[in-house]
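A.B. asks: Here's a structure for you.
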Amino acid sequence: MLFLVSVSLISCSKEEPNDYYWGTASAQLNGSSWQPEPRATTNKPYGQGIDFSLGRFLDNGLKKEALSIYKIPPQVGRHPISQTEVRDIDSLSGAKLFTLIDGDVLGDVYHPLEGSTDNYLEITKMEGDEIWAEFQIAFVRVSVGSVDNNYPDTIRLTQGKIHTRIIKPE
């Protein structure tokens with residue numbers, strides 16, 4: 002399962018953010034500014050809402066972190082984030098955070114920290130194919146990568162904001 006998720010999120014080549022991503026996104030990652038590139042697609046093939054992909058890149062174009070927030074109902078409102086898989090047919094919305102080494106080597110894997118935090122994505126506006134959202138999610142590390150990359154056991158994304166377009170995959 003982890004292999005399939007890794008393959009779907011990671012490309013073996015350098016990604017150019019402007020070719021794939023559109024819009025703006027920001028958050029505080031454990032209190033420090035985090036500026037990823039955003040993208041949103043309809044959840045295919047399962048048809049369970051909207052999937053957000055946020056990637057943070059190094060200056061050389063290699064991806065450093067990948068955040069997936071998935072199965073969000075396509076309506077204005079606050080949607081709780083739970084532990085669920087993107088392919089599970091259920092009414093839950095989920096998220097995963099991955100660290101990457103050299104853009105294509107899976108580092109640490111994080112799942113939402115449940116029980117003690119308020120994890121959510123709130124769609125604040127939808128207009129045509131554009132979408133605006135706010136989020137906060139706390140993550141706990143569930144798998145350590147093969148290379149020590151100095152990420153903590155718990156990552157908290159707060160004050161998150163996204164403005165992007167919803168792409169309908171072919």
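Count along the sequence shown from 1, then add 1; that gives the number in this note's numbering. Yeah, the Cβ is synthetic: ideal placement off N, Cα and C, and Gly gets one too.
Indicate, with yes or no, if the ligand HEM has a heavy atom lying under 7 Å from the CB of Arg157.
C.D. replies: With respect to the ligand HEM, the structure offers nothing, as it holds no ligand at all.
A.B. asks: Let me know the secondary structure DSSP gives Tyr71 once reduced to three states.
C.D. replies: Tyr71 falls in the strand class under three-state DSSP.
A.B. asks: Are Ser83 and Ser69 touching if we call contact CB-CB under 8 Å?
C.D. replies: No; because the gap between Cβ atoms is not below 8 Å, this pair is not in contact.
A.B. asks: Taking the beta strand (DSSP E) that Gln36 falls in, what are its first and last residues?
C.D. replies: Neither: Gln36 is in no beta strand (DSSP E) and is coded neither H nor E.
A.B. asks: Suppose you measure from the CA of Glu131 to the CA of Ile51; what does that come to, to the nearest Å?
C.D. replies: Answer to the nearest angstrom: the Cα atoms are 12 Å apart.
A.B. asks: Would you identify the three-state DSSP class for Tyr47, choosing helix, strand or coil?
C.D. replies: The answer is coil: DSSP assigns Tyr47 none of H, G, I, E or B.
A.B. asks: Between Gly56 and Thr25, what straight-line distance do the alpha-carbon atoms span, to the nearest angstrom?
C.D. replies: In a straight line, the C-alpha of Gly56 is about 11 Å away from that of Thr25.
A.B. asks: Between Gly104 and Leu63, which are expected to be in contact by the criterion C-beta below 8 Å, what is the C-beta distance as a whole number of angstroms?
C.D. replies: 3 Å between Cβ atoms; contact.
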